[in-house]
Ligand SMILES: [Ca+2]
Ligand SMILES: [Cu+2]
């Protein structure tokens, strides 16, 4: 197993704050410390803040969105992987039997158009708007603009990420960009908090990691991808990831340099689209690489095996990252290889990036 941690996937907001603006001032509203602290506080006070935000908004039940929901029966499955492609440090293994309850899941990631309806109805302000910036991919900016922003706006060692002033869900590459032609692409630049706000408004919720992985496997047992073990069966692309040399040459052989429409590739066995690639999807779990193999926790095996909801935030020294699944258009075998269904990553609840989105679920009645 690989032990080296390559964190190309989703940089956290606190990784550049404090080192990105002119005169050493962060472009965002908070210092690095406040920035990280704010995310945690937001989680604790989320319900209160949301109550204010959505007071006037129509809250529709899960059933109202029936046409795009798939009923998942649930049951026992083999979660995780022992593959030598796995990132050991991420806690992908070992393979263990886990049970999930029946639930309903969106066929697609939440689109820009859908998120726009939510913002229009509620006036919700996303985290990136509060900070005044979000992480965009350097290769998606004009050469001139990327050069102007320079390296100071990149997290250490991750020069392909740039903290772009004014970047937000509806201006993905900064103030002069817009969503034209991307209405049916997944919404991006949404933090975990922003995803939760949408879920509450739409009467749904995020998936647990176990639910997400169960759904992504589409009824297959211990396959690498939602459709099987071959990345390009019969020479056909099945997901939107990176082809070429990361991070400088993107041949877009799969048809897409950045995000793609949420229904762009064939669905998996459960009728779910883009469970691998395109954008990372937030789950409701806190990220811990060790909780599910912690002997102390496993004394009560039910916690980690029976419809697990992830560790409590107080676990260990306290958890700071929410868990994301699925990989994104930036993922490449040579670099992070996290578009496999067992792969996982995480980010702070207030962080937003050009390759992070989400989909919703709800309980089966
Ligand atoms: Ca691609
Ligand atoms: Cu990746």
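In the numbering used here, the protein residues as written are -18 to 346.
Using N, Cα and C, we set each Cβ at its ideal position, and we do this for glycine too.
Query, Result
"Secondary structure of residue 223, DSSP reduced to three states", "coil"
"Separation of residue 285 from residue 430, as counted between CA atoms", "The question about residue 430 has no answer, for the chain in this structure spans -18 to 346."
"Contact set for residue 10: own chain, Cβ-Cβ below 7 Å, skip 5 residues either direction", "The predicted model places residue 10 with a pLDDT of 27, which falls under 50 and marks its position as unreliable; any figure quoted below should be read in that light. 111, 112 and 113."
"Option nearest residue 95 by Cα separation, candidates 121, 319, 157 and 242", "242"
"Identity of the residues DSSP links to residue 337 by a beta bridge", "261"
"Reduced DSSP secondary structure (H/G/I, E/B, other) of residue 328", "strand"
"For residue 85, the residue or residues it bridges with in DSSP", "52 and 343"
"Ligand 1 heavy atom lying under 8 Å from the CB of residue 376", "Because residue 376 is not part of the residues shown, which for the chain are -18 to 346, the question remains open."
"Bridge-paired residues (DSSP) for residue 57", "80"
"Any non-hydrogen atom of ligand 1 closer than 8 Å to residue -10 Cβ", "no"
"One or two residues paired with residue 231 in a DSSP bridge", "225"
"Other residues of its chain near residue 205: CB distance less than 6 Å, five sequence neighbours each side excluded", "321"
"Straight-line gap, residue 73 to residue 192 (C-alpha atoms, nearest Å)", "15 Å"
"Check: residue 169 C-beta below 8 Å from any heavy atom of ligand 2", "no"
"Cβ-based neighbour list, residue 308, same chain, cut-off 7 Å, excluding 5 preceding and 5 following", "222, 257, 258, 261, 319, 320 and 324"
"Beta carbon of residue 250 nearer than 9 Å to that of residue 335", "no"
"Near ligand 2: residue 317 beta-carbon under 8 Å from a heavy atom", "yes"
"Straight-line Cα distance separating residue 75 from residue 210", "18 Å"
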